[in-house]
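What follows is one structure encoded as C-alpha cells, with my remarks underneath.
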Amino acid sequence: MTGIVNTAQAEAWNGYEGEHWATHADRYDAVNSGFNDYLLDQVGPDDRVLDIGCGNGQLTRLAAARARTATGVDLSGPMLATARARAAPVPNVRFEQGDVQVHPFPDGGFDLAVSRFGVMFFADPVAAFANVRRALSPGGRLAFLCMTALAGTDLGRLFGAMAPYLPQPTGPDGSGPTSFADPDRTKAVLTEAGFEDVACTHVEADQVWGHDVPDAAKFIAGWGPVRHHLGLVDTATATQATDALTAALTPFATPDAIRLRGTAWLVTGRRS
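Numbering of the sequence shown is given in my numbering, commencing with residue 473 and proceeding in unit increments.
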C-alpha cells in the first residue's frame with residue numbers, strides 16, 4: 473500500500489485493531505448494523521457508491537444491492553481480506569486499500585459517498601473530505617455516521633464506570649472516535665472542504681454487544697480503545713476496571729443479548 477499519510481492509523485488498523493475487527497466481523501456488525509438503513513436510504517439505483525472506511529464490507533455489500541456499483545476503501549488489510557471474501561458472489565462490488573486523505577480516486581467517479589463510523593480518524597479531515605469531494609460527480613452527495621458525545625449515553629455509562637480506574641485522554645481530540653461529536657466542528661470541516669448544505673441529524677439504534685454479561689464484557693475489554701487504556705495500568709487496577717464494566721453491563725441484559733441504545737450523528741452534504 474502506497475500513499476499513506478495517516479501512518480499511526482495505518483499501523484493500528486493493520487495491527488491489533490484491524491485483526492480484532494476482522495476476527496470479530498459479525499460481532500462488530502451486530503453493534504453497528506442497526507444504523508445501516510440511515511445510509512442505505514440515501515442510495516439510488518443509478519448511484520456509484522463510495523464506502524469510506526468500509527472495514528469488513530457489510531455496508532458496501534448492502535449498498536451494492538441497491539446501486540449501480542459500490543467501492544469500499546479502507547486502510548486495513550485484515551478487514552479488506554474479510555470484505556473481499558464475503559463479497560465474492562457480488563458482481564458490482566470492489567475494494568481498495570488506501571488512505572482516503574490522499575487516495576487517487578477518479579475525478580467525479582462516484583455519485584454518493586457513505587461511511588458507517590469510518591471517518592473519525594483522519595490526520596487531516598479537511599484534506600480527506602476535499603479528496604472525497606473531488607471524487608464525487610457534480611451534485612454528488614455525502615452521508616456518514618459518526619459518534620455523538622458519550623455523556624448521557626448508554627456507552628458513556630459503561631466508560632464512566634471504568635473511568636475511576638483508567639487514565640483519561642487529555643487535550644483536544646481531533647482524530648479519535650468522538651472527533652465529530654460537535655456538529656459545529658463537523659459543519660466547519662465539511663464547509664472548508666467544499667461541501668454545501670451540510671446537516672447533522674441525531675439518530676439512534678439498538679446495538680448488540682454480546683449474548684450475556686461476561687461475553688459482552690470480554691468483547692468490550694478487547695476493543696482497541698478499551699484494551700489500550702487497560703494496558704496503561706497494572707493488572708490489579710485493570711481487573712477493577714473490568715469488574716466495574718461487568719457491573720455496569722448488568723442493567724442492559726435481556727433474555728437473548730446485551731443491548732445498548734446507540735446514538736450517532738447522520739451527517740449529509742453535497743458537492744455543487
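Every residue, glycine too, gets a C-beta built ideally from N, C-alpha and C.
Distance from the CA of Gly487 to the CA of Ile692, rounded to the nearest whole angstrom, comes to 18 Å.
Secondary structure at Leu511: helix, using DSSP grouped into helix, strand and coil.
Under the three-state reduction of DSSP output, Ile730 falls in the strand class. Cβ-Cβ separation between Cys672 and Pro686: approximately 37 Å, too far for a contact (criterion under 8 Å).
In the three-state reduction of the DSSP assignment, Thr658 falls in the helix class, which pools H, G and I.
Distance from the CA of Leu622 to the CA of Gly628, rounded to the nearest whole angstrom, comes to 5 Å.
Per the coordinates, the alpha-carbon of Asn564 lies some 21 Å from the alpha-carbon of Phe616. Among the bridge pairs identified by DSSP, Asp546 is matched with Gln569. Between Ala555 and Val598, the gap from beta carbon to beta carbon reaches 8 Å or more. DSSP places Ala585 in the strand class (E or B) of the three-state scheme. The beta carbon of Thr620 sits closer than 8 Å to the beta carbons of Thr650, Ala653, His674, Thr735, Ala736, Trp737 from its chain, once the five residues preceding and following it are set aside; these are given in chain order.
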